[in-house]
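Numbering of the sequence shown is given in the numbering used here, commencing with residue 18 and proceeding in unit increments. Quick reminder that beta carbons are idealized off the backbone N, C-alpha and C, glycines included. Treat the numbers as computed from the prediction; the structure is a model and nothing was measured.
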Amino acid sequence: MSEPTSETGDVLLQLAARLRENQVFGPPVQRDGVTVVPVAHVRAGGGLGGAAHRGPHETNGGFGFVARPAGAWIVEDSGAVRWQPAVDVTRIAMLGHMTAAAALFLLVMSRRHQERVG
18 MSEPTSETGD VLLQLAARLR ENQVFGPPVQ RDGVTVVPVA HVRAGGGLGG AAHRGPHETN
78 GGFGFVARPA GAWIVEDSGA VRWQPAVDVT RIAMLGHMTA AAALFLLVMS RRHQERVG
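Written as structure tokens, this is what we have:
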């Protein structure tokens, strides 16, 4: 296995620089004695590769990030702290679409079966 090139190392350093805490926690917002700190679920992935017949500086790679709202920490001036989870409307809508598609599939299959049995 070959040693990583300096270009590969540079790419990995750039990735690490992007994976900071501000990718998870948003800037606090203060208003009327309440501080709200938004929080997100963040996932990152990637890969680098090359072939043995290629030169040492001929690598390919790709990286990606996915962030979804998780909720927010609510901090009151009194010292009370509570967690307010976010409602992911996209996930709820996708679940509704998948349920409708499954119901439609079962209805079609049931009617086909009834036609065959007759």
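Three-state class that DSSP yields for residue i in the structure shown
i	result
E93	strand
G88	strand
G66	strand
T76	coil
V51	strand
V41	coil
V46	strand
Supposed contact pair residue j and residue i - C-beta distance, whole angstroms, cut 8 Å
i	j	result
V46	V56	Not a contact, Cβ separation roughly 13 Å.
A117	A103	Not really, about 24 Å apart at Cβ, beyond 8 Å.
G66	F80	About 13 Å; that fails the 8 Å criterion.
Other residues of its chain near residue i: CB distance less than 6 Å, five sequence neighbours each side excluded
i	result
R60	V83
S19	Its pLDDT being 48, under 50, S19 is placed unreliably by the model, and nothing is read from it.
Close beta carbons around residue i, own chain, < 7 Å, minus the five adjacent residues each side
i	result
D49	none
Beta-bridge partners of residue i, as assigned by DSSP
i	result
Q101	A89
G81	G62
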